[in-house]
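Below: the structure, in structure tokens.
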Amino acid sequence: MKVALLGNPNSGKSSLFNQLTGLRQKIGNFPGVTVDKKIGFCKIQSDFEVEIIDFPGTYSIYPGSLDEQVVLEVLANPANPDYPDLAVVVVDVTNLKRNMLLFEQVSDLGIPCILALNMLDSAMELGITVNTLKMSSLLGVPVVEINAREGIGLEGLKLSIFKQLKSPESHLNEEILDVEQLALSEEVGEKFGIENKYLAMQYLAQSHKLDFLGFEKQKELQNLAKNKGFDPDRFQSTDTLKRYLDIGETLKQTVESSAPKKESLTDRLDKVLLHKVWGYVIFLAVLFLLFQVVFAVASYPQDWIDAGIGQLGDWLKNTLPASKLTDLLTDGIIAGIGGILIFVPQIAFLFILITLLEESGYMSRVVVLMDKLIRRFGMSGRSVVPLISGLACAVPAVMSARTIGNWKDRLITIMVTPLMSCSARLPIYTILIALVIPEQRILGIFGLQGIVLMGLYLLGFFSALLSGWLMKLILKSKERSYFVMELPTYKRPRWSQVVYTVYEKVKTFVFEAGKVILAISIVLWVLSSYGPGDEFYNAESIVTETYPSMNETELENQLASYKLEHSYAGHFGHFIEPAIRPLGYDWKIGIALITSFAAREVFVGTISTIYSIGSSIEDEKTIKARMRNEINPETGQPRFDIATSMSLLIFYVFAMMCMSTLAIVYRETKGWKWPMIQLVYMTALAYFSALIVYQLLK
Numbered sequence: 037m038k039v040a041l042l043g044n045p046n047s048g049k050s051s052l053f054n055q056l057t058g059l060r061q062k063i064g065n066f067p068g069v070t071v072d073k074k075i076g077f078c079k080i081q082s083d084f085e086v087e088i089i090d091f092p093g094t095y096s097i098y099p100g101s102l103d104e105q106v107v108l109e110v111l112a113n114p115a116n117p118d119y120p121d122l123a124v125v126v127v128d129v130t131n132l133k134r135n136m137l138l139f140e141q142v143s144d145l146g147i148p149c150i151l152a153l154n155m156l157d158s159a160m161e162l163g164i165t166v167n168t169l170k171m172s173s174l175l176g177v178p179v180v181e182i183n184a185r186e187g188i189g190l191e192g193l194k195l196s197i198f199k200q201l202k203s204p205e206s207h208l209n210e211e212i213l214d215v216e217q218l219a220l221s222e223e224v225g226e227k228f229g230i231e232n233k234y235l236a237m238q239y240l241a242q243s244h245k246l247d248f249l250g251f252e253k254q255k256e257l258q259n260l261a262k263n264k265g266f267d268p269d270r271f272q273s274t275d276t277l278k279r280y281l282d283i284g285e286t287l288k289q290t291v292e293s294s295a296p297k298k299e300s301l302t303d304r305l306d307k308v309l310l311h312k313v314w315g316y317v318i319f320l321a322v323l324f325l326l327f328q329v330v331f332a333v334a335s336y337p338q339d340w341i342d343a344g345i346g347q348l349g350d351w352l353k354n355t356l357p358a359s360k361l362t363d364l365l366t367d368g369i370i371a372g373i374g375g376i377l378i379f380v381p382q383i384a385f386l387f388i389l390i391t392l393l394e395e396s397g398y399m400s401r402v403v404v405l406m407d408k409l410i411r412r413f414g415m416s417g418r419s420v421v422p423l424i425s426g427l428a429c430a431v432p433a434v435m436s437a438r439t440i441g442n443w444k445d446r447l448i449t450i451m452v453t454p455l456m457s458c459s460a461r462l463p464i465y466t467i468l469i470a471l472v473i474p475e476q477r478i479l480g481i482f483g484l485q486g487i488v489l490m491g492l493y494l495l496g497f498f499s500a501l502l503s504g505w506l507m508k509l510i511l512k513s514k515e516r517s518y519f520v521m522e523l524p525t526y527k528r529p530r531w532s533q534v535v536y537t538v539y540e541k542v543k544t545f546v547f548e549a550g551k552v553i554l555a556i557s558i559v560l561w562v563l564s565s566y567g568p569g570d571e572f573y574n575a576e577s578i579v580t581e582t583y584p585s586m587n588e589t590e591l592e593n594q595l596a597s598y599k600l601e602h603s604y605a606g607h608f609g610h611f612i613e614p615a616i617r618p619l620g621y622d623w624k625i626g627i628a629l630i631t632s633f634a635a636r637e638v639f640v641g642t643i644s645t646i647y648s649i650g651s652s653i654e655d656e657k658t659i660k661a662r663m664r665n666e667i668n669p670e671t672g673q674p675r676f677d678i679a680t681s682m683s684l685l686i687f688y689v690f691a692m693m694c695m696s697t698l699a700i701v702y703r704e705t706k707g708w709k710w711p712m713i714q715l716v717y718m719t720a721l722a723y724f725s726a727l728i729v730y731q732l733l734k
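With this note's numbering, you'll find the sequence shown wraps up at 734, consecutive numbering, no jumps.
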């Protein structure tokens, strides 16, 4: 049997879900939409198990976003596979009046309910006490006290769930509907086979949002409303006002409130953290610390993973017989797995820190602070964290956009976050800047190279904001994005919740995005390891005859360069050369562009291999010297002159050269439509920007 967990955002609903289900949960999506649903299983009696569905947070059954509309579509359609046998409505006791609106509406839809009073500890601090027995008697449904964070009251809740499923009770308040509305509801009920009068009125008031009805039924309901002079907006407003009056009467009889003994910790902290000046200063300091931790601390386990994968590959090469199968295993599959696992520390550390901020209650304050600034660019305050996180890595940054409830805001954030310059771009930036920007100082203290590097980061940031603004204009939506947020009290983070969150995010990346990354890694290995014709297959003899005086190391590097040039990837480099020549690139740079699609930082390693100095990038001076001495045969000038180097820098500021990011965008948007649009628009932006820069500077 299905039990729905419903509640306002920040009511503690998801904490209760984790307490009830533990790790016995999975993530799916509601049929036909890109909205996640969390499903778990809970044993409420020794021989009785139920399926728990954690629905998106919503303030009422009148939706203002795609996530909230999903709740309406399920609750208004008894034929929906996710339609619950019972709804547990979780409410924050510190704000009962607003939280109980959803309970009243859901209960009147005819769904058996349990009212779960959460955060009683916070209510006591504020001098609020609730007579739960009297409230249960007045409402006609079980009312239970819980502390979802600490797991208190779960046994009583499970017992109430068991009893309600065996003998359902529902609270119907038909006094909400007037005589005219009752008559209308009966007419709708007869036509559509609906017994519940309030549900019939929702069909009439919100038919345009109930996609399961189909076009014909929606049109019929709209015509009926028009013929009867029924105003859906007026119905919604009067329905809400009447319910608040009814809720007020209930609370008068069941809730006692006395002034708190002293100003709460939350109020004292908010005076500083929401200050119009210090609030932003503290937020920037927190973000700087978060970025430093993710960037610095994660580098150690990343290095260990990188070294471990390298040692495993070397061990397999030395143990297994030399063959193409061994090469596929070591250079394709093992390297591909390394490309997946190396992101795990960043993902884990980022979500540890973000979850700690969310658990403490501070993240809600960040959203409030930044909403006014970011909203004008088509995003919301919740977009700030993904954008800043993108400076470390776009993969966990895109995943962190899940905290954005409004689908349009979330989509825009996902689409523009990769424009933020991530750490993978840094090797490209540093080597190209060192090639063409002199080591001189401005005003005696500011290094010119550092200023150019900062300029590239700022260019990425402002282009993300501008792209968000343009997407806001393009993605015209009937849905208006209102910003409503309940600011929770500050609390100590729960490590169990942190562990659940990090486990879920890492698992999602490894098993969802990881499959795509591994597949593309194998494809890239094949393209780089095989080639058409005798030139590739006789490479060793050709190179040996051409360079008879080279030592063994030089010969190996020259052979690697020759094979790469004549591989399928090399041929593709020659094939795309006419397209990239206007940017100042030759086929060698073209191969680096192709291989860097696996990860941007591969660009430097590929360049080093092509220029016959091995794949190691430790000796950066050698790479820079070799690149500096590379001559363009057409002009006789250095290949990496100021025009070509700046063109490459601008290209990598904008280019979506990261299959890991595409894979995670595919996972987050549940389809290839948006990743492909993202790839096309960012590639076009990178190409034409680089073209303009090269043509101006050459």
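Ideal Cβ positions, reconstructed from N, Cα and C, are used throughout, including at glycine. The structure presented is a predicted model; accordingly, all values stated were derived computationally and were not measured.
Cβ-based burial, N574 [other Cβ within 10 Å; buried from 16]: Burial call: exposed.
Cβ-based burial, R412 [other Cβ within 10 Å; buried from 16]: exposed
Whole-angstrom distance between K599 and Q55, CA atom to CA atom: 57 Å
Separation of I467 from E656, as counted between CA atoms: Note that E656 scores 44 on pLDDT, short of 50, meaning its location in the model is unreliable and no value can be drawn from it.
Per-residue burial, P120 [other beta carbons within 10 Å of its own, 16 or more giving buried]: buried
Cα-Cα separation between F248 and V421, rounded to whole angstroms: 35 Å
Nearest-angstrom beta carbon gap, A437 and I450 [assumed within contact, 8 Å]: 5 Å
Simplified DSSP state of F547, which is helix, strand or coil: helix
First and last residue of the uninterrupted beta strand (DSSP E) at N754: Lying before the first or after the last residue shown, residue 754 is absent from the chain, which here runs from 37 to 734.
Limits of the beta strand (DSSP E) - the one that V291 falls within: 291-293
C-beta contact flag for G368 and S565 at 9 Å: yes
Length of the line joining the Cα atoms of R703 and D339: 26 Å
For F747, three-class secondary structure by DSSP: For residue 747 there is no data in the structure shown, the boundaries of the chain being 37 and 734.
Helix, strand or coil at L427 according to DSSP, with G and I counted as helix: The DSSP-derived three-state label of L427 is coil.
Euclidean distance between Cα positions of A40 and L619: 56 Å
In chain order, each beta strand (DSSP E) run of at least 3 residues that lies wholly inside the region 107-191: 122-128, 149-154, 164-166, 179-181
Identity of the residues DSSP links to L41 by a beta bridge: D90, V124
Environment of M692 [buried if 16+ CB atoms lie within 10 Å]: buried
Distance, G550 Cα to L502 Cα: 31 Å
Per-residue DSSP class, three states only, for R477: R477: strand per DSSP, three-state reduction.
CA-to-CA distance, F319 to F91, given in whole angstroms: Computed Cα separation, rounded: 31 Å.
G472 versus E540, Q485, L462, residue with shortest Cα-Cα distance: Reading off the sequence, residue 472 comes out as Val, not Gly. The option with the nearest alpha carbon to V472 is Q485.
Continuous alpha helix (DSSP H) assignments of at least 4 residues falling wholly in the region 378-459: 380-396, 398-411, 420-425, 430-436, 443-452
Residues bridged to E85 [DSSP beta-bridge criterion]: K79
DSSP-derived helix/strand/coil call for G483: strand
Separation of V124 from Q254, as counted between CA atoms: 30 Å
Nearest-angstrom Cβ-Cβ length linking S425 and L386, presumed shorter than 8 Å: So it is a contact: roughly 6 Å between Cβ atoms.
The alpha helix (DSSP H) enclosing H607, as first and last residue numbers: 604-616
Secondary structure of P674, DSSP reduced to three states: strand
Beta-carbon contacts of G146 that lie in its chain and below 8 Å, excluding the five residues immediately before and after: S206, L208, E231, N232, Y234, L235
Three-state secondary structure (DSSP) of V667: What sits at residue 667 in the sequence shown is Ile, not Val. Three-state result, I667: strand.
Sequence-distant residues of the same chain with beta carbon closer than 7 Å to I410, five excluded per side: S416, G417, S419, V420
Residue ranges of each alpha helix (DSSP H) within the region 528-603, 4 or longer: 531-544, 550-565, 570-573, 575-582, 588-602
Burial state of L511 (16 or more Cβ within 10 Å): exposed
N-terminal and C-terminal residue of the alpha helix (DSSP H) that F724 is part of: 709-733
Residue range of the alpha helix (DSSP H) that includes M695: 695-705
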